[in-house]
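Peer 1: Numbering (UniProt numbering), first residue to last: 1 to 86.
We put the beta carbon where it would ideally sit given N, CA and C, even for glycine.
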Amino acid sequence: MNYLWLFAVAGGAALLGIALAFGMIKQDGRHSVLAIAGAFVVALGALGLGLYVGNAPTAPLRASDREGSQNKLPAAATTVKDLPGR
């Protein structure tokens, strides 16, 4: 499902980029080629970084239990007594 959303967001951005590149080439073809090439390099770098972050390991998740032991962990949810001024 995550790859579906990645495809939808990246596909929309790619279509927008193609439309902008087409407009730039129609307006000033010779000078816009370098800008388009630079944007393509940045887009490839962003895609690579996104895939790297998406595949990176995350912190372990501890499920709730009857005793509420998840609330005794250092990164437990904030309670009223944890708020400033209390």
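Between which two residues does the alpha helix (DSSP H) carrying L15 extend?
Peer 2: Counting from 1 along the sequence shown, the entry for residue 15 is found at position 15. Counting along the chain, the unbroken alpha helix (DSSP H) around L15 starts and ends at 2-55.
Peer 1: From the DSSP output, in three-state form, read off D82 for me.
Peer 2: Residue mapping note: residue 82 aligns to position 82 of the sequence shown, counting from 1. DSSP places D82 within a helical segment (H, G or I) once states are collapsed to three.
Peer 1: In whole angstroms, what is the alpha-carbon distance linking L83 and V9?
Peer 2: Here residue 83 corresponds to residue number 83 of the sequence shown, with the count starting at 1. Here residue 9 corresponds to residue number 9 of the sequence shown, with the count starting at 1. Approximately 37 angstroms between the Cα atoms of the pair.
Peer 1: Please report the distance separating the alpha-carbon of H31 from that of A39.
Peer 2: Walking along the sequence shown from the start, residue 31 turns up at place 31. Walking along the sequence shown from the start, residue 39 turns up at place 39. Cα to Cα, the separation comes out at about 14 angstroms.
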